[in-house]
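Okay, so the sequence shown: first residue is 41 according to my numbering, each after it adds one. Each residue gets a CB set at the ideal place from its N, CA and C atoms; glycine is no exception. Working notes, beginning with the structure itself.
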Amino acid sequence: MLDFIKDYIAIIFNLSLLLIIGGFYLFDQFNKNIDSIVCPKCNNWHTPEKISENQLGIFRKGHPTYSFRLDPRLSEVKMVWYEKSEIQYRCKNCGHEWLFTKVRRL
Numbered sequence: 041m042l043d044f045i046k047d048y049i050a051i052i053f054n055l056s057l058l059l060i061i062g063g064f065y066l067f068d069q070f071n072k073n074i075d076s077i078v079c080p081k082c083n084n085w086h087t088p089e090k091i092s093e094n095q096l097g098i099f100r101k102g103h104p105t106y107s108f109r110l111d112p113r114l115s116e117v118k119m120v121w122y123e124k125s126e127i128q129y130r131c132k133n134c135g136h137e138w139l140f141t142k143v144r145r146l
């Protein structure tokens, strides 16, 4: 009987941990896209429409990778590609136009 209770508690703990992590992930994804779904002037949701999107460029940025080596000079720099674009939106409700700059990892 005691083993059943321990297993039950472990399952409930793992499921609640999974729900909490999933909630944080969804919240993070929502905050990344908040500028494209809310008008900054009238604060109405889902009223912006995309007018144009201009690619500003593709660039590389170096991120050092640290390892458990004795000599820090042997650490490597990993180069990552990014795409930068500028998106113009217009609110369907009030007509306000604004620019949103988006950087996306390739």
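{"Check": "Assess, as a yes-or-no matter, whether the stretch 88-98 is touched by the stretch 49-64 under the definition of 3 or more beta carbon pairs within less than 8 Å.", "Outcome": "no"}
{"Check": "Rounded to a whole number of angstroms, what is the C-alpha to C-alpha distance between C134 and K46?", "Outcome": "58 Å"}
{"Check": "Just reading off the beta strand (DSSP E) that L139 is part of, what are its end residues?", "Outcome": "137-145"}
{"Check": "Roughly how many whole angstroms lie between the Cα atoms of W121 and F44?", "Outcome": "51 Å"}
{"Check": "Taking just the CA atoms, how far does Y48 sit from V143?", "Outcome": "44 Å"}
{"Check": "For I98, which residues of its own chain have a beta-carbon under 8 Å away from its beta-carbon, when the five flanking residues on both sides are left out?", "Outcome": "W121, Y122, E123, K124, L146"}
{"Check": "Please list, in chain order, all residues of the same chain as M119 whose beta carbon is under 6 Å from its beta carbon, the five residues on each side excluded.", "Outcome": "R100, G102"}
{"Check": "When the Cα atoms are used, what is the spatial distance from S56 to C131?", "Outcome": "39 Å"}
{"Check": "If you draw a straight line from the C-alpha of I52 to the C-alpha of V78, how long is it?", "Outcome": "37 Å"}
{"Check": "Tell me whether P88 is buried or exposed, calling it buried when 16 or more other Cβ atoms sit within 10 Å of its Cβ.", "Outcome": "buried"}
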